[in-house]
């Protein structure tokens with residue numbers, strides 16, 4: 001069964017393209033026709049490095065290990081739980097009117113903290129989406145799902161539409177001042193946590209990091225492979241790492257961290 005799963009990787013565009021390029025380069029080298037192979041070989045090497053080796057996982061691990069993992073039961077108490085956005089998007093076609101993605105751990109972890117009594121209120125943040133001239137809020141639809149669909153009666157509030165992590169930090173800082181919050185539990189993906197903590201700290205919010213949504217293969221059970229066939233997850237992982245690196249540089253340039 002494992003062999004079948006491995007072979008199915010070659011049906012996917014990424015695996016199929018890598019296989020064709022590997023076979024073609026191997027044929028050219030075997031025939032000793034090596035002229036003009038520098039760029040194709042460089043493309044193959046980059047693709048192989050980031051989709052077939054642990055390099056992506058190592059890079060992500062450098063971000064995810066900045067703050068220690070913590071169990072819900074062991075988390076400290078605070079004045080509020082801040083669930084950062086990025087885990088869902090408004091939808092006009094889904095039955096629940098919300099489409100959750102792989103970052104949904106941000107929501108489930110925040111709910112775990114709230115039900116354990118780690119803070120008296122949970123604030124959901126998120127981006128803004130425009131459809132046919134009308135604006136929709138990620139935070140609004142997530143809160144609506146929790147309260148109207150799941151019928152939760154917990155103290156959960158929406159921060160409304162936010163542009164980015166900096167905008168979320170500024171709005172939470174204003175809310176913290178208004179409600180006299182001394183510290184908050186900040187819940188977001190482990191890879192995003194270093195930048196999030198830096199932004200919130202610069203905005204004047206004292207936070208306790210609660211990282212979740214670990215995506216490095218080194219943090220997943222049963223994934224101990226070294227070199228493997230091309231995997232889309234590795235490409236998605238390097239995309240996340242680059243997003244954080246570029247985001248850090250941009251935020252630093254703007255004076256937000």
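In the UniProt record's numbering, the protein residues as written are 1 to 257.
Backbone N, C-alpha and C fix where the C-beta goes; we use that ideal spot for every residue, glycine too.
- Of the candidates 221, 191, 228, 228 places its Cα closest to the Cα of residue 48.
- In the structure shown, residue 40 adopts helical secondary structure according to DSSP, grouped into three states.
- As computed with DSSP, residue 124 is found in a beta bridge with 83, 158.
- For residue 112, the closest C-alpha among the options 60, 241, 73 is that of 73.
- With a cutoff of 8 Å on beta-carbon distance, residue 145 and residue 90 are scored as not near each other.
- For residue 32, DSSP assigns no beta-bridge partner whatsoever.
- Secondary structure at residue 184: strand, using DSSP grouped into helix, strand and coil.
- Proximity to residue 162 across 64, 50, 14, 86 peaks at 86, based on C-alpha coordinates.
- Residue environment for residue 243: exposed (fewer than 16 other C-beta atoms within 10 angstroms of its C-beta).
- In the DSSP assignment, residue 10 falls outside any alpha helix (DSSP H) and carries neither an H nor an E.
- Per DSSP, reduced to three states, the secondary structure at residue 249 is helical.
- The beta carbons of residue 193 and residue 66 sit closer together than 8 Å.
- Annotation for residue 58: the continuous alpha helix (DSSP H) segment containing it runs 55 to 64.
- Taken through DSSP and simplified to helix, strand or coil, residue 145 comes out as helix.
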